[in-house]
Amino acid sequence: MLETDYLIIGTGALGMGFADQLLTDTEASLLLVDKHHMPGGHWNDAYSFVRLHQPSAFYGVGSRELGSNRIDATGINAGFYELASGPEVQSYFDRLMRERFLPSGRVRYFPLCEYNGESSFTSLLSGQTQVVKVNKRIVDATYFNTSVPSTRPPQYAVDEGVTLITPNALPRHVGGHTRYTVIGGGKTGMDVCVWLLLNGAPPESLRWIAPRDSWLINRETTQPGDLFYSRFLGAKAAQLEASANAKTIDNLFEMLEESRQLLRLDRSIKPQMYHGATIAPAEIELLATIPDIVRLGRVRAIGRDRIDLDNGCVQASADDLYIDCTASAIARRPNRPVFEGSTITLQMIRAGLFSFSAAVIGHVEASYGSDAEKNHLCLPMQAPDEAADWLRLMLAENEILARWGADKSLRHWIAGHRLAGASLRDPAAPEEPEIAGIRARIRTAGGAAANNLQALLASLD
Ligand SMILES: Cc1cc2nc3c(=O)[nH]c(=O)nc-3n(C[C@H](O)[C@H](O)[C@H](O)COP(=O)(O)OP(=O)(O)OC[C@H]3O[C@@H](n4cnc5c(N)ncnc54)[C@H](O)[C@@H]3O)c2cc1C
82 MLETDYLIIG
92 TGALGMGFAD
102 QLLTDTEASL
112 LLVDKHHMPG
122 GHWNDAYSFV
132 RLHQPSAFYG
142 VGSRELGSNR
152 IDATGINAGF
162 YELASGPEVQ
172 SYFDRLMRER
182 FLPSGRVRYF
192 PLCEYNGESS
202 FTSLLSGQTQ
212 VVKVNKRIVD
222 ATYFNTSVPS
232 TRPPQYAVDE
242 GVTLITPNAL
252 PRHVGGHTRY
262 TVIGGGKTGM
272 DVCVWLLLNG
282 APPESLRWIA
292 PRDSWLINRE
302 TTQPGDLFYS
312 RFLGAKAAQL
322 EASANAKTID
332 NLFEMLEESR
342 QLLRLDRSIK
352 PQMYHGATIA
362 PAEIELLATI
372 PDIVRLGRVR
382 AIGRDRIDLD
392 NGCVQASADD
402 LYIDCTASAI
412 ARRPNRPVFE
422 GSTITLQMIR
432 AGLFSFSAAV
442 IGHVEASYGS
452 DAEKNHLCLP
462 MQAPDEAADW
472 LRLMLAENEI
482 LARWGADKSL
492 RHWIAGHRLA
502 GASLRDPAAP
512 EEPEIAGIRA
522 RIRTAGGAAA
532 NNLQALLASL
542 D
């Protein structure tokens, strides 16, 4: 029988990030199981032109940089830290497995294997089932159940003769269509529209079916390092001040937009959605050139000459190309305790920072005693969906940062961790008067922000 200290199910960003931290902080043995044939989780199924939406500087695992920390000089992301492409992320996790995990002698990796529960897994190739004796914990790194268009069939009817593809197939299908109909208002839909426009599709040739408009994080506010530090800290101050002073939720979003924390496509439309997607202002400008945005709810059926939606229908023609971008990416599942007896369920514990969340959970597992103590430092946050979730995440962030701040050794560990996000800067950097001023604004707004956000959320009930 196989034996290990930790059995980790899933080798996506979360499973790999957690395992990497345990390799750094402990002497434990790890056994990793995944249905995919390579590590990297959903990145194995992604479209070829996918990129991170946040800087590579704080994605991946703690022990290894992703990319070369360059600021892009050209293109839609010019002026911002580089965003790894899907193939780069895949290669990063593959090399991590081959160059660090396996040579450590403490990791065994079982790709192409499905976990059955009860510490057993079955090879998808041979059908052989193996049972594992687990000395410490079983780690569920599948909880987000990430779904991308290439792995999920469309949830609407499609008539024969209609050409519907996923973004993965788009580069091979570009010719011979007078109209490109992009279905899905989330980040994948935006990526596809931007890709088509950048590759020369006239805006008039695009139809974008976006059931809900979205509030989007302005990439200007998420840049790491000394160069952007005052901008990053200023953004935090502006968010807290808006949270402290807003009279209503609508007023809060107006203030966040006014200070350029959040962006939206069309100022005349109130977004209902917030998924934490990050976007460059230049992308918004491009998307705003699309004249035909259909806001009639979700697609129910696509016929050769019409599209039926929840709230109406639009005409179509037989040579339209449809690109399905409706998969939800990260599942919105109820929070559960991260540490529970013999299991650990990896979840997001810092808003939008998945890699960092996995690393913190690994570090806390390695360094703290009881589950109660560990759970106190690892409060799960549900993936956001509706606009009001911005407020809920802000409250959760305030709570977790206060808990981490009260723990001196954890605070010190976080301060030096590459995945900590934009808040990271060179500790030797001088504290300019401008920075001290922004910190004072943050201190002043902090308490009032939490109270006001709670009151605003209560007004929804
Ligand atoms: C397009 C896109 C861009 C993103 N960009 C960013 C970004 O810029 N910054 C950021 O922080 N986050 C980003 N994210 C989010 C982040 O990359 C991950 O999606 C998130 O962390 C979830 O990763 P995961 O490891 O939980 O899931 P997954 O990547 O889905 O990995 C889970 C793994 O578990 C395996 N599995 C599931 N069930 C079983 C089973 N029964 N047996 C065996 N194996 C199983 C699956 O095969 C899969 O490989 C992005 C997400 C998407 C979709």
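Under the numbering used here, think of the first position of the sequence shown as 82, with each following residue one higher. We put the beta carbon where it would ideally sit given N, CA and C, even for glycine.
Local conformation of residue i per DSSP, three classes
i           : result
residue 123 : helix
residue 487 : coil
residue 373 : strand
residue 326 : helix
residue 239 : strand
residue 140 : coil
residue 86  : strand
residue 499 : coil
residue 131 : coil
residue 402 : strand
residue 170 : helix
residue 537 : helix
residue 92  : coil
residue 519 : helix
residue 525 : helix
residue 273 : helix
residue 113 : strand
residue 262 : strand
residue 103 : helix
residue 147 : coil
residue 164 : coil
Residue i beta carbon near ligand 1 (any heavy atom closer than 7 Å)
i           : result
residue 135 : yes
residue 435 : yes
residue 222 : yes
residue 476 : no
residue 525 : no
residue 183 : no
residue 195 : yes
residue 537 : no
residue 95  : yes
residue 401 : no
residue 122 : yes
residue 115 : yes
residue 238 : no
residue 407 : no
residue 105 : no
residue 141 : no
residue 138 : no
residue 154 : no
residue 131 : yes
residue 227 : yes
residue 127 : yes
residue 90  : yes
Counted within 10 angstroms of its Cβ, other Cβ atoms place residue i as buried (16 or more) or exposed
i           : result
residue 444 : buried
residue 68  : Examination of residue 68 is not possible in this model, given that the chain is present from 82 through 542 alone.
residue 350 : exposed
residue 197 : exposed
residue 125 : buried
residue 268 : buried
residue 346 : buried
residue 82  : exposed
residue 149 : exposed
residue 234 : exposed
residue 468 : buried
residue 356 : buried
residue 535 : exposed
residue 256 : exposed
residue 532 : exposed
residue 396 : exposed
residue 151 : exposed
residue 426 : buried
residue 477 : buried
residue 465 : buried
residue 118 : exposed
residue 254 : exposed
Integer Cβ distance of residue i from residue j, believed to fall under 8 Å
i           : j           : result
residue 113 : residue 89  : 5 Å
residue 297 : residue 287 : With 8 Å as the limit, residue 297 and residue 287 do not qualify as a contact, their Cβ atoms being about 19 Å apart.
residue 376 : residue 453 : With 8 Å as the limit, residue 376 and residue 453 do not qualify as a contact, their Cβ atoms being about 47 Å apart.
residue 523 : residue 318 : 5 Å
Beta strand (DSSP E) runs contained entirely in the region 406 to 486, provided each spans 3 or more residues: 424 to 426
Ignoring anything shorter than 4 residues or poking outside the region 188 to 233, list the alpha helix (DSSP H) runs there in chain order. none
Please go through the region 284 to 315 and give each complete beta strand (DSSP E) segment of 3 or more residues, from N-terminal end onward. 287 to 290 and 295 to 299
Which full runs of the alpha helix (DSSP H) of 4+ residues lie inside the region 331 to 400, going along the chain? 362 to 368
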